[in-house]
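A short worksheet on the structure shown next.
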Amino acid sequence: MLVPPFNQQTALQKVRMAEDAWNSCDAQRVSRVYSEDTRWRNRSEFVNGRAEVVTFLQRKWIKELDYRLIKELWAWHEDKLAVRFAYEWHDDSGNCFRSYGNENWHFGADGLMIQRFACINDLPISADQRLFHWPAGTRPDDHPGLSELGL
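Residue numbers (my numbering): -6 to 144.
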């Protein structure tokens, strides 16, 4: 587990590890990087504790199908990381979206995230406007990131 204080290399690793976990769409796997008493604000929803994280993510991925996420480190300082991200998905009616956002992360000394604040906006797109094309799971190392895609 990577623990603070972060430097550029460990901050980049922490972000990629988070991206890989979220792209698994496995709520239990994702939840293990958060402290038992983690606190989130995700859009207008407040999530408290690891158990609520699992419930939140399970509900999220029932709605957001063919989820593909790219995260990019924006800034870091000691035990805090700022991340920007975009993810693509579609609903059960076939409507496609690209969701853009920023997250602020605060970690405990053990490397578990104790706070996550996310601001997210959804942009309707057509299926042919999707840019994130890889099989479900981890983004391949040779797939462009947000900056390379102009996002």
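Using N, Cα and C, we set each Cβ at its ideal position, and we do this for glycine too.
For Phe39, collect the residues of the same chain with a Cβ closer than 8 Å to its Cβ; drop the 5 residues on either side in sequence, then sort them by chain order.
Same-chain partners within the cutoff: Arg32, Trp33.
Applying the criterion that 16 or more other CB atoms from any shown protein chain within 10 Å of the CB defines a buried residue, is Lys64 buried or exposed?
Buried, since its Cβ has 16 or more Cβ neighbours within 10 Å.
According to DSSP, is Arg22 part of a helix, a strand, or is it coil?
The answer is helix: DSSP assigns Arg22 an H, G or I state.
Assuming Asp115 and Ser86 form a contact by the criterion Cβ under 8 Å, report the distance between their Cβ atoms to the nearest whole angstrom.
About 14 Å; that fails the 8 Å criterion.
What does the alpha-carbon distance come out to for the pair Leu50 and Trp98?
If I take the Cα positions, the gap works out to 17 Å.
When DSSP labels each residue in this structure, what does Ala123 get in the three-state scheme?
The amino acid at residue 123 is misidentified as Ala; the sequence shows Arg. Reduced to three states, the DSSP call for Arg123 is coil.
Measure the CB-CB distance between Gly94 and Ile118 and report whether it falls below 8 Å.
No, Cβ-Cβ distance for Gly94 and Ile118 is not below 8 Å.
Between the alpha carbons of Asp59 and Pro128, how many angstroms are there, rounded?
In a straight line, the C-alpha of Asp59 is about 9 Å away from that of Pro128.
Which value, in whole angstroms, describes the spacing of the CA atoms of Leu144 and Asp103?
Those two C-alpha atoms are separated by around 33 Å.
Where does the unbroken beta strand (DSSP E) through Leu116 begin, and where does it stop?
It spans 106 to 118 - the beta strand (DSSP E) in which Leu116 sits, taken as one unbroken run.
Where does Phe(-1) fall in DSSP's three states?
Coil.
Could you tell me the distance, in whole angstroms, from the CA atom of Val26 to the CA atom of Ser140?
Whole-angstrom Cα-Cα distance: 26 Å.
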